[in-house]
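Heads up, the sequence shown is in UniProt numbering, so the first residue is 1 and it goes up one at a time. Cβ coordinates follow ideal geometry from the N, Cα and C atoms, glycine included.
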Amino acid sequence: MSGGLPKDWEKTTQKYINELQANPAKIATRKASQNTLNAYGPLLPELLGGSADLAPSNLTIWKGSVSLKEDPAGNYIHYGVREFGMTAIANGIAHHGGFVPYTATFLMFVEYARNAARMAALMKARQIMVYTHDSIGLGEDGPTHQAVEQLASLRLTPNFSTWRPCDQVEAAVGWKLAVERHNGPTALILSRQNLAQVERTPDQVKEIARGGYVLKDSGGKPDIILIATGSEMEITLQAAEKISGRRSQCTRSFPALDRYFRRPG
């Protein structure tokens, strides 16, 4: 009930993150999120998941998930098509204590959950919101399911931490910090399509937790600074490669702007 984490939490999660960096994989960040749940879930009996009728698409069911429909002592709620109800219920669960609720739907459908999501920020509810099918790429469902302004809205909401990872490593760091956050909600913005993993040094892996960090730097004062998040990181690195040798440049990844601007120093 105290909300504390297991003694081996830091060691185990950091080991997992380092293993991901050492074993690159081109996968969707929604799949990376599920893999991370499988890695972190056994450490967190207080995790209580759920989805608004999109669990197979959100990939929020992990190996230890047990539906409350099958077992009242389970740890996964099938909310049905009720994004607002799901988010509001999770706010109540968070304030009850003893649980860390995570909810899931498509990023576009945050529109239906908006008031409850905003209240989570106002009430400093410890809720993790998994929003998948984010990208500049158009999915199979067409423009009705393509999020455009939703990301900006979440980033602008006070006390809302918004993570948009570019690969499986940033996704694992985002989940770690979301679990560790006690004073407000965290949104994990995840892709449907596969994303290439970024090359990083051990120091750069540590820098991810800052919310923004340098990936490529040609040295000296750059002519161009390239900044990207999420699925656009791969495209931006390709652009950086094309101008390499002609312009000095610095490429940065910013998975969590709010965290970067809150950092000390």
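**Study point:** For alanine 90 and glutamine 127, believed in contact at Cβ under 8 Å, the rounded distance
**Key:** 5 Å
**Study point:** Per-residue DSSP class, three states only, for phenylalanine 84
**Key:** Residue state, collapsed to three classes: helix.
**Study point:** Contact set for valine 173: own chain, Cβ-Cβ below 7 Å, skip 5 residues either direction
**Key:** Ile17, Ile208, Ala209
Review point. How would you label glycine 230, buried or exposed, when you count the other beta carbons within 10 angstroms and need 16 or more for buried?
Key: buried
Practice item. From the DSSP output, read off the bridge partner residues of histidine 182. Key: For histidine 182, which the question treats as bridged, DSSP gives no partner whatsoever.
Practice item. Below 8 Å on the Cβ atoms is my guess for phenylalanine 99 versus leucine 48; work out the distance and round it to an integer in Å. Key: 4 Å
Check your understanding: Going along the chain, which unbroken runs of the beta strand (DSSP E) with 3 or more residues stay wholly within the segment 166-234?
Key -> 186-189, 213-217, 224-228
Check your understanding: How would you call glycine 142, buried or exposed, if buried means at least 16 neighbouring beta carbons within 10 angstroms?
Key -> exposed
Check your understanding: For isoleucine 77, which beta-bridge partners are listed by DSSP?
Key -> Gly50
Point to revise | Extent of the continuous alpha helix (DSSP H) run through valine 130 | key: Careful: valine 130 lies outside any alpha helix (DSSP H), inside the beta strand (DSSP E) at 128-132.
Review point. Roughly how many whole angstroms lie between the Cα atoms of valine 148 and proline 222?
Key: 30 Å
Check your understanding: Is it a yes or a no for the segment 152-163 touching the segment 114-131, going by three-plus beta-carbon pairs under 8 Å?
Key -> yes
Check your understanding: When the distance is taken between beta carbons, is arginine 192 closer than 8 Å to histidine 133?
Key -> yes
Exercise for review: State yes or no: is the C-beta of leucine 215 within less than 8 Å of the C-beta of arginine 252?
Suggested key: yes
Practice item. In angstroms with no decimal places, state the Cα-to-Cα distance between glutamine 238 and serine 248. Key: Rounded to the nearest angstrom, the two C-alpha atoms are 15 Å apart.
Review point. Given that a residue counts as buried once 16 or more other Cβ atoms are within 10 Å of its Cβ, and exposed if not, what is glutamate 170?
Key: So glutamate 170 counts as buried.
Check your understanding: Do you know offhand how far leucine 68's Cα is from glycine 80's?
Key -> Spanning the two alpha carbons is a distance of roughly 13 Å.
Check your understanding: So what's tryptophan 62 in DSSP terms, helix, strand or just coil?
Key -> coil
Practice item. May I ask which residues mark the beginning and end of the beta strand (DSSP E) holding serine 253? Key: 249-253
**Study point:** Helix, strand or coil at proline 6 [DSSP, three-state]
**Key:** coil
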